[in-house]
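Here's the structure, in structure tokens; my notes come after.
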Amino acid sequence: MGTIKSLNKWANAHSYYPLDLLRVALGVFLFIKGINFMGNTAALLDLIKPLQSVSGEMMAIHYVAPAHFVGGILIAFGLLTRWATIAQLPILIGAVYINFAGEMNTTNLILSSSALLLCLFFTIYGSGKHSVDKYLRMQQ
Numbered sequence: 015m016g017t018i019k020s021l022n023k024w025a026n027a028h029s030y031y032p033l034d035l036l037r038v039a040l041g042v043f044l045f046i047k048g049i050n051f052m053g054n055t056a057a058l059l060d061l062i063k064p065l066q067s068v069s070g071e072m073m074a075i076h077y078v079a080p081a082h083f084v085g086g087i088l089i090a091f092g093l094l095t096r097w098a099t100i101a102q103l104p105i106l107i108g109a110v111y112i113n114f115a116g117e118m119n120t121t122n123l124i125l126s127s128s129a130l131l132l133c134l135f136f137t138i139y140g141s142g143k144h145s146v147d148k149y150l151r152m153q154q
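For the sequence shown, position 68 (counting from the first letter as 1) is numbered 82 according to the numbering used here, and the numbering increases by one without interruption.
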């Protein structure tokens, strides 16, 4: 718990608007991907084709879309940002792996790699000074 408090203090001391805009952009991107996967499950099944032998194809579908949808909202508002980014990590690691296991799509590789790096960054950095987390902490 002390580590998280020290990370929050460091993040609040070094919080800048561009980082907050980057967090919001990541959240909006994940939210849009969640909506895209909810509306077009055939596309998600095509993406998971290289991992078809791995069990839990339907479980993956029922985890990916809601995790992106809800996680994107939480990350954009800066509410439970670390937990939301941790929930995104297995999905994004799988997205990067799918590009190497199946047909290489450089656009998807760049998008998934950058989203993975941003999620790793915000897992460490937290939500920052301009977030719902900070607002709720100040109200206590």
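Where a beta carbon is used, it is the ideal one built from N, C-alpha and C, also for glycine.
**Message:** Is the beta carbon of alanine 90 closer than 9 Å to that of alanine 109?
**Reply:** Along the sequence shown, one-based indexing puts residue 109 at 95. Along the sequence shown, one-based indexing puts residue 90 at 76. The Cβ atoms of alanine 109 and alanine 90 do not sit closer than 9 Å to each other.
**Asked** With a Cβ-Cβ cutoff of 9 Å, do threonine 95 and aspartate 147 count as a contact?
**Response** Along the sequence shown, read from residue 1 onward, the residue named residue 95 stands at position 81. Along the sequence shown, read from residue 1 onward, the residue named residue 147 stands at position 133. Going by beta carbons, threonine 95 and aspartate 147 fall inside the 9 Å limit.
**Item:** Nearest-angstrom Cβ-Cβ length linking leucine 58 and valine 78, presumed shorter than 8 Å
**Value:** Position 44 of the sequence shown holds residue 58. Position 64 of the sequence shown holds residue 78. Indeed they touch by this definition, with Cβ atoms about 6 Å apart.
**Request:** Measure the CB-CB distance between glycine 85 and alanine 74 and report whether it falls below 9 Å.
**Result:** Stepping through the sequence shown from its first residue, residue 85 is reached at position 71. Stepping through the sequence shown from its first residue, residue 74 is reached at position 60. Cβ distance not < 9 Å, so glycine 85 and alanine 74 don't count as in contact.
**Prompt:** From asparagine 119 to tyrosine 31, what does the alpha carbon distance come to, in whole angstroms?
**Reply:** As a working mapping, residue 119 is identified with position 105 in the sequence shown. As a working mapping, residue 31 is identified with position 17 in the sequence shown. Cα atoms of asparagine 119 and tyrosine 31: separation of roughly 32 Å, rounded to the nearest angstrom.
**Residues near glutamine 102 by beta carbon distance below 6 Å, same chain, minus five either side** = Position 88 of the sequence shown, counting from 1, holds the residue named residue 102. Answer for glutamine 102: Gly85, Cys133, listed in chain order.
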